[in-house]
Amino acid sequence: MKHLRPINAKAHRMEESAGAENDIVALQSGQSNAVRPHVPTGCTIIFSPGWEVDSAGGTAGLCQPVERDIYDCYVSCFWPAQVPDHLNNAPDWTSKCSVATKDWRNLDIVFP
Amino acid sequence: MSAYSRGDVHLFEGGNANYAYLAASGGIVALDRISSGILARLEKTALDHSDLISKMVEEGFRAAEVSEGIDELTQMSAIRNGTPLRTMSEALPEEFPLQTLVLNVTNQCNLSCHYCYEFGEDKVATPEGKKKFMDWETAKASIDYFFHDSRGRKSVHITFFGGETLMNFPLLKQAVTYAQAEAERRRVKLDFSLTTNATLLTPKIIDFLAENAIGVTVSIDGAKESQDTFRVFKNGRGTYDVIEPKIKELLAKHTTRPIAARVTMTSHAMDVLGTYKHLKHTLGFHEVGFAPVTTSPNRLYSITPVGMDSVLGQFQTLAEEYLECAKRGEHHGFSNVSDTLAELHQGVNKSLPCGAGLGLVGVGPSGDIAPCHRFVDSDQHKIGNVSTGIDKEKQAAFLKRGNIDAKYDCHTCWARPLCAGGCHHEAFVRYGDTGHANLHYCDWIRAWTDTCLRIYGTIASLNPAFLDHFSERKAS
C-alpha cells in the first residue's frame with residue numbers, strides 16, 4: 003500500500019491478506035471494482051431445503067408452508083418468499099436479531 | 029450508481045502524524061495527504077467514484093493517485109462503496125480449551141468494604157447453605173478438571189481469589205504444590221497469581237509467594253484517608269495502618285514478579301493523581317490500576333457523571349506522564365494505559381468483552397463453575413460443577429447473550445473492538461442482563477480509548493521501538 007501505512011499487528015496482517023485477495027475473482031461480493039464473471043446465487047445453488055424437493059426427496063421441507071419460509075429465503079433467494087429479501091430490499095432486516103430467542107420482536111414488517 | 033462514504037473509522041493524531049483506527053477490524057494505519065484528504069471529503073457526504081476524484085483533483089491531487097488511495101481505503105474498510113452492512117463476528121471455535129482458572133478458595137472476608145460486589149447491596153452471590161471455605165477434595169478436583177479442559181494449551185494460569193484469599197492460605201499452599209507437580213507431569217507451563225487485601229500477610233506467607241513466583245495484586249484504595257473510608261474491618265476500624273508495614277515488607281521481599289495495586293474508585297475516592305503518587309512512589313508498587321466501583325447508580329458511593337469527568341481528566345494527566353516516560357523508553361506504572369496500548373498494538377477485535385465463560389472460569393468453594401470470579405456462588409449464573417464439567421448449553425447461552433452481535437447499541441460505535449459492550453457482571457448489576465451493553469460508561473470509554481490512541485500514535489511516530497514491549501501478547 004502507498005497511501006496507508008500499517009502500524010499495529012492487525013493492520014500488518016490485513017495488508018498481507020489484502021494483497022492476496024485480488025487473486026480471487028469469483029465468489030467475492032461487493033467492495034472491489036475488478037471486472038468479474040456473473041456468479042448466480044439463490045437457493046438453486048445452495049444445498050439447503052427450499053427448492054423442488056428436500057434432501058430426503060420429499061416436499062415437506064420446501065418453501066411452503068410459509069412458516070418454513072424464513073432464513074434461507076431471506077439470505078440467498080429471489081423466490082417470491084413471504085419474507086423480505088436480503089440481497090436488494092432489506093439488507094438489514096435481521097441486523098437487530100442476533101439472538102433469536104431474545105430479539106425476535108426486532109424482526110419487523112418491511113414496507114416496500 | 030453506488031456512492032462512497034466513510035466507513036467505521038476513528039481519526040486521530042499523534043506526534044504530527046495522522047492515523048485511522050479501523051473499527052471493523054481493530055487495525056491502525058498511518059494516513060498520507062491523499063488518504064487523509066479522501067476521508068475528510070467523505071466526512072459528511074457520500075460521493076461516487078468520479079465525483080470524489082474530481083473533487084480531489086480540484087484540491088491539487090493527481091487522479092491516478094486518488095484512485096489508488098480510494099482502492100486502498102476500500103480494501104481496509106476505511107471507506108465503503110454502497111450500503112453499510114453489519115458483518116457478524118466470527119463464530120467461536122467449537123473446542124476452546126481453558127486458559128485461566130480462578131479459584132475462589134473462600135467466600136469469607138475479614139473486611140467489610142461497603143461497596144463490595146460480593147457482600148454489599150448489589151451482590152449477585154447466593155452463598156446460603158454452601159461451603160464457606162474450599163476443602164482439599166474440591167480444590168484437587170478443580171485443578172484436575174482445569175488441566176483436563178485446558179488440554180492442548182502449553183501455558184496456563186491459576187488465580188486465587190476470595191472473599192479474602194489468604195483466609196484459606198493452607199489450602200492455597202497445598203493447591204500450589206499439587207498443581208505444580210501436575211503441570212510438570214503434563215509438561216505444561218503454569219503460573220499463579222492472587223488478589224488480597226494484604227491484612228493477613230505474614231513473613232512466612234510472603235516467603236512462600238516469592239519462592240513460588242506468585243503474582244500479587246493488592247486491593248487498596250490509596251493513602252490512609254481514602255483506604256479507611258470504605259476498606260474497613262467488621263468493627264468499622266480502618267485498615268491502612270495494618271496493611272502499610274505488610275505491603276512494604278511484601279514489596280521488599282517479593283521480587284520474582286511485579287506487584288500491582290488495584291484501586292476501586294468511588295465518589296469518596298476520586299483523587300487519581302494523589303493515589304497513584306502514593307501507591308507508586310511512597311509505597312513502591314510496580315503498577316497501579318484503577319477501576320470505578322461496580323454498583324447501581326443510586327448508591328452513595330457511586331460516581332456521578334460529573335465525578336467521572338474529573339476522573340477522566342486526571343487519567344489524561346497521568347497518561348501524559350506515561351507518554352513522556354515512553355518517549356524516553358522508560359517504564360511508567362499506570363497500568364490502565366499499558367493494558368490498553370497492548371490491546372491496541374495487537375489490534376484486538378473482540379466479539380466478547382473478556383474471556384469469562386470461555387477461556388476463563390471461576391470456581392467457588394462448592395465446586396460450582398461460574399463464568400468468572402465475580403459470578404461465583406450465584407445460582408443464577410452457575411454454568412457447571414468441577415465434578416461434571418461445564419454445561420455446554422448454559423455456557424453457549426451466556427456467551428451468545430454477551431456477544432457483540434447481540435449488543436445493537438454497540439454496532440455503530442468505533443470503540444467496540446476493545447470494549448465489546450463491557451463487563452458482563454457490571455451489566456448484570458446495572459441492567460439485570462449480562463448481555464446488556466454498559467451504556468452508562470460509553471462516553472467515558474470512547475474518551476479514554478481516544479486518549480490511548482493518541483498516545484499510541486505519538487509513540488509510533490517518535491519512539492516506535494517502545495511498542496516492541498507490547499509485541500508479545502500479555503500472558504494473563
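From first to last, the protein sequence lines are chains A and B. Mapping of the first sequence onto the working numbering: residues 3 to 114, in sequence order. Mapping of the second sequence onto the working numbering: residues 29 to 504, in sequence order. C-beta atoms are modelled at their ideal positions from N, C-alpha and C, and glycine is treated no differently.
By the Cβ neighbour-count rule, residue 371 of chain B is buried, with 16 or more other Cβ atoms within 10 Å of its own. Here residue 243 of chain B is near residue 222 of chain B, since their CB atoms are less than 9 Å apart. The beta carbon of residue 109 of chain A sits no closer than 9 Å to any beta carbon of chain B.
In the DSSP assignment, the residues bridged to residue 289 of chain B are B/246 and B/316.
Shown here, residue 143 of chain B sits in coil according to DSSP, grouped into three states, outside any helix or strand. What residue 372 of chain B touches in chain A, judged by beta-carbon distance under 8 Å, is 10, going in chain order. The Cβ neighbour count for residue 249 of chain B, taken over all protein chains shown within 10 Å, is at least 16; the residue is labelled buried. Residues of the region 368 to 395 of chain B with a C-beta atom less than 9 Å from some C-beta of chain A are 372, 373, 374, 375, 376 and 377, listed in chain order. Around the Cβ of residue 414 of chain B, a 10 Å sphere holds 16 or more other Cβ atoms; the residue is buried. According to the DSSP assignment, residue 205 of chain B belongs to no beta strand (DSSP E) but to the alpha helix (DSSP H) extending over 197 to 214.
Annotated three-state conformation of residue 419 of chain B is coil, per DSSP. Taking a 10 Å sphere around the C-beta of residue 177 of chain B, we find 16 or more other C-beta atoms and assign the residue as buried. Between residue 315 of chain B and residue 289 of chain B, the C-beta spacing is below 9 Å. Secondary structure of residue 329 of chain B (DSSP, three-state): coil. Residue range 37 to 42 is occupied by the beta strand (DSSP E) that includes residue 38 of chain B. Contact of residue 105 of chain A with chain B is assigned, a C-beta pair being separated by under 9 Å. Residue contact with chain B for residue 112 of chain A: absent (no Cβ-Cβ distance below 9 Å to any residue of chain B). In the assembly as shown, residue 85 of chain B is an exposed residue. Its beta-carbon has fewer than 16 other beta-carbons within 10 Å. In the structure shown, residue 79 of chain B adopts helical secondary structure according to DSSP, grouped into three states. In the structure shown, residue 21 of chain A falls within a helical segment according to DSSP collapsed to helix, strand and coil. Along the region 410 to 442 of chain B, going in chain order, the ones with a CB nearer than 8 Å to a CB of chain A are 428, 429, 431, 433, 434, 436 and 439. From the beta-carbon of residue 101 of chain A, the residues of chain B found nearer than 7 Å are 428, 429 and 434. Residue environment: residue 150 of chain B is assigned as buried (16 or more neighbouring CB atoms within 10 Å of its CB, all protein chains considered).
Taken through DSSP and simplified to helix, strand or coil, residue 5 of chain A comes out as coil. The beta carbon of residue 217 of chain B is closer than 8 Å to those of 182, 183, 184 and 211 in its chain, skipping five residues each way along the sequence. Only those residues of the region 50 to 63 of chain B whose C-beta falls short of 9 Å from the nearest C-beta of chain A are listed: 50, 53, 54, 55, 56, 57, 58, 59, 60, 61, 62 and 63. Assigned with DSSP and collapsed to three states, residue 31 of chain B falls in coil, not helix or strand.
For residue 93 of chain A, the closest Cβ of chain B is nearer than 9 Å. Here residue 403 of chain B is near residue 152 of chain B, since their CB atoms are less than 9 Å apart.
Nearest C-alpha to residue 219 of chain B among B/410, B/175 and B/139: B/175. Around the C-beta of residue 352 of chain B, fewer than 16 other C-beta atoms lie within 10 Å, and the residue is accordingly described as exposed.
By the neighbour-count criterion, in which 16 or more other beta carbons inside 10 Å mark a residue as buried, residue 80 of chain B falls on the buried side.
Taking the Cβ atoms as the reference, residue 108 of chain A lies roughly 36 Å from residue 373 of chain B, outside the contact range of under 8 Å. Annotated as proximal: residue 45 of chain B and residue 58 of chain B, with beta-carbon spacing under 9 Å. Only those residues of the region 239 to 254 of chain B whose C-beta falls short of 7 Å from the nearest C-beta of chain A would be listed, and there are none. Looking only at A/93, A/85 and A/87, the smallest Cα-Cα distance to residue 112 of chain B is reached by A/93.
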